[in-house]
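The next block holds one structure in the form of structure tokens; read it before the comments.
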Amino acid sequence: MYFSPTPVNEPEKFADPRQAEIMKMVYGQTAEKLCVAGNWSAMFLSPRLGVEWFVKELNELGRKLDDITNWLPSAPELTAAGFSLWDFVPVSTLLKAQNSGELEDLKKQLI
């Protein structure tokens, strides 16, 4: 539910500066480019338009949406980089899980 990469050369824009390492794992040399899929208005208000823009941005980086699972870091890679999957759960997801009674299920999935 959450994807908001930021250029690694602007660590002050990360909630946790260690996340720059994750961006380097995902994007390699292209991690210093402008934010991909950063148009939250389009993603939220017009998902189809948001995805179209996301695909265009990925194409500019030589990436394809269909390949996204191949270049995202695995749980073991994240752990090796010093992260927990909990580091990537936004508060909105936690609140949604809590309000729907699914917080315990979410915890089990992330441990």
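Whatever position you read off the sequence shown (first residue = 1), add 168 for the numbering used here. From the three backbone atoms N, C-alpha and C, an ideal C-beta is built for every residue, glycine too.
Worksheet item: How about residue 254 and residue 226: do their beta carbons lie closer than 7 Å?
Response: no
Practice prompt. Reducing DSSP to helix, strand and coil, say where residue 275 ends up.
Written response: helix
Item to complete: Assign residue 247 to one of two classes, buried (16 or more other C-beta atoms within 10 Å of its C-beta) or exposed (fewer than that).
Response: exposed
Fill in: Start-to-end residues for the alpha helix (DSSP H) that takes in residue 220
215-228
Item to complete: Could you spell out where the alpha helix (DSSP H) holding residue 187 opens and where it closes?
Response: 187-195
Worksheet item: Start and end of the alpha helix (DSSP H) containing residue 198?
Response: Residue 198 -> no alpha helix (DSSP H), and no H or E assigned at all.
Item to complete: Look up residue 210 in the DSSP assignment and say whether it is helix, strand or coil.
Response: helix
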